[in-house]
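Engineer: Below is a structure I'd like to ask you about.
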Amino acid sequence: MDRRGCAGTVLLGQATDEVIKQQLADLLGPKNSFTPQLLQLFNRKVKKARRPVAASVEEDEEEDEDFRQLDDEDEDDDDDDLEEDAAPPGCDMQLYENVLELRDIKLETEMKATALKKEFEELKKEQVKQTGLEKVHAERVQQTQKDIQKYQREKQQRANQIRQIVPVTASQV
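No gaps in the numbering here: position 164 of the sequence shown is 164 in full-length UniProt numbering, and each next residue is one more.
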């Protein structure tokens with residue numbers, strides 16, 4: 001994926017995040033008495049139960065580190081009086097389930113955006129590396145062309161210095 005593709009996808013992810021927040025606002029409505037609790041539930045960071053299959057061991061280590069960070073953040077959230085397993089008393093279960101679903105979608109898009117940003121940074125590093133290699137190769141090509149021209153001159157000079165006897169008849173003179 002090139003730079004423009006990654007950047008476009010990141011922008012699409014940001015637009016999706018705005019759409020999710022708008023859906024949440026529409027879902028909760030202006031006069032819902034459970035809005036603070038449900039917003040707190042929506043904004044809570046939780047680790048995902050299922051993890052995407054990693055392509056390499058290095059990515060596994062990075063993901064493990066990410067999940068450890070999420071665990072640390074979750075420990076900070078343990079003070080909350082809101083439990084995730086049950087809806088606030090008196091709250092509609094369908095509304096509660098919809099908020100959880102929107103949160104899962106939000107977390108999934110955030111994970112995808114993070115992965116895309118990492119990929120984008122890797123592509124930028126690779127481009128810088130390739131640009132440097134291109135410059136080195138261009139310099140080598142120029143030096144090689146100069147060496148070839150120098151060799152051709154020297155060869156021609158040596159050829160000009162060679163004395164040869166050529167039999168010539170009187171009519172050719």
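Cβ coordinates follow ideal geometry from the N, Cα and C atoms, glycine included.
Roughly how many angstroms lie between the CA atoms of residue 154 and residue 127, to the nearest whole one?
Structural biologist: In a straight line, the C-alpha of residue 154 is about 40 Å away from that of residue 127.
Engineer: Using a threshold of 8 Å, state whether the C-beta atoms of residue 38 and residue 28 are closer than that.
Structural biologist: In this structure, residue 28 lies closer than 8 Å to residue 38 by Cβ.
Engineer: Find out if the Cβ-Cβ distance for the pair residue 20, residue 106 is shorter than 8 Å.
Structural biologist: Yes, they are a contact pair.
Engineer: Using only CA atoms, which one of 89, 135, 104 and 30 lies nearest to residue 46?
Structural biologist: Out of 89, 135, 104 and 30, 104 has the C-alpha closest to the C-alpha of residue 46.
Engineer: In angstroms with no decimal places, state the Cα-to-Cα distance between residue 142 and residue 134.
Structural biologist: In a straight line, the C-alpha of residue 142 is about 12 Å away from that of residue 134.
Engineer: Which residue from 101, 110 and 99 puts its Cα closest to that of residue 15?
Structural biologist: Minimum Cα distance to residue 15 is reached at 110.
Engineer: Express the C-alpha separation of residue 147 and residue 17 in angstroms, rounding to a whole number.
Structural biologist: Going by the C-alpha atoms only, they are around 59 Å apart.
Engineer: Where do the N-terminal and C-terminal ends of the alpha helix (DSSP H) with residue 135 fall, by residue?
Structural biologist: Note, residue 135: alpha helix (DSSP H), 93 to 161.
Engineer: Go ahead and label residue 53 buried or exposed: buried means 16 or more other beta carbons lie within 10 angstroms of its beta carbon, across all protein chains shown.
Structural biologist: With a pLDDT of 46 at residue 53, under the threshold of 50, the predicted position of this residue should be treated as unreliable, and no value is reported.
Engineer: Please report how far the alpha carbon of residue 165 lies from the alpha carbon of residue 149, in whole angstroms.
Structural biologist: Cα to Cα, residue 165 sits roughly 29 Å from residue 149.
Engineer: Using the C-alpha atoms, what's the distance from residue 159 back to residue 119?
Structural biologist: Spanning the two alpha carbons is a distance of roughly 59 Å.
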